[in-house]
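J.:
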Amino acid sequence: MEGAGWVEVNLSFGGGAEDAEGAVSLYRWLVAEPELRGQVRVSLGSGQPEPGHMGGGLDLVNVVVANSIALGSLITAVATWRGSRPRPPQVRLERDGVVVTLHDSSPEAVEQILRVWNESGAPAPVAADGDSE
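Terminal number for the sequence shown in our numbering: 359, no gaps in between.
#1: For Pro-314 and Ser-332, which I take to be in contact (beta-carbon distance under 8 Å), what is that distance rounded to the nearest angstrom?
#2: Going straight from the alpha carbon of Asp-322 to that of Glu-261, what length do you get?
#3: Under 8 Å between the Cβ atoms of Gln-265 and Asn-293?
#4: With DSSP run on the structure shown, which of helix, strand or coil describes Asn-344?
#5: Starting from Arg-267, trace the beta strand (DSSP E) in both directions and tell me its first and last residue.
#6: Let's test the definition: count the other Cβ atoms within 10 Å of the Cβ of Arg-308 and tell me whether it reaches 16, buried, or not, exposed.
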């Protein structure tokens, strides 16, 4: 993680060629998202290859989030990106070892992900003033 209060979220797809294209597309979408500017740091990477696969491709988007408002905005942006795809992929989101999969782009799905992460005991991002959000 980048510093105190910042939370790391990894977004992945599975590892195929389409997944690499999806990762690059999602990366570009998140970098261009006005609500995330100054609140997140986004980078491309590669996840652990599945058994029997070579790996090494860019199939993971790493996002470091400044606060809980930005975390909600991140998940909403991922859901919106997913809904814009001709064949929306499932997106795997991992935060502090807690993994959830975004199967649809509904507001309820976004709320469910936040609820799962909150109930897991994962540390909340800290606001700029030092208070937990």
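Using N, Cα and C, we set each Cβ at its ideal position, and we do this for glycine too.
Please read all numbers here as calculations on a predicted model, not as lab measurements.
T.: The short version:
#1: So it is not a contact: roughly 12 Å between Cβ atoms.
#2: Answer to the nearest angstrom: the Cα atoms are 23 Å apart.
#3: Asn-293 is positioned such that its CB atom lies closer than 8 Å to that of Gln-265.
#4: helix
#5: 266 to 271
#6: buried
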